[in-house]
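The structure appears right after this line, and notes come after that.
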Amino acid sequence: MLTLFWTEGPVVDFASAKTQDVNLFVRFHALLLERGIYAPSSAFEAWFVSLAHDQVIIEETIEKITDAMGVLAGEHIS
1 MLTLFWTEGP VVDFASAKTQ DVNLFVRFHA LLLERGIYAP SSAFEAWFVS
51 LAHDQVIIEE TIEKITDAMG VLAGEHIS
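Residue numbers (UniProt numbering): 1 to 78.
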């Protein structure tokens, strides 16, 4: 189980989780959907890995997430 938060600092409680950039999360979620990754649609939900996810699927997912983060980085460089 894991959760990604789009904040500049650590998330240690709900108050710090609420400081995340929700618009950035929405864009990231859309980029994942474009790549066939169906991540939780709320910025406050957890992701789950199961035994159905073999090494190949995990590596493909990491590649797609890395690609999506690269797109975000390119969009936010000023």
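Idealized CB from N, CA, C, for every residue including glycine.
Asked                                                                                                                            : Found
When the Cα atoms are used, what is the spatial distance from alanine 39 to isoleucine 58?                                       : 13 angstroms
If we call anything under 8 angstroms between Cβ atoms a contact, is residue 93 one with leucine 72?                             : This structure gives no information on residue 93, because the portion of the chain shown stretches from 1 to 78.
I think alanine 46 touches leucine 2, with their Cβ atoms under 8 angstroms apart; what is that distance to the nearest whole Å? : 7 angstroms
Using only alpha-carbon positions, find the residue among Trp6, Thr66, Ala52, Leu32 that is nearest to serine 16.                : Trp6
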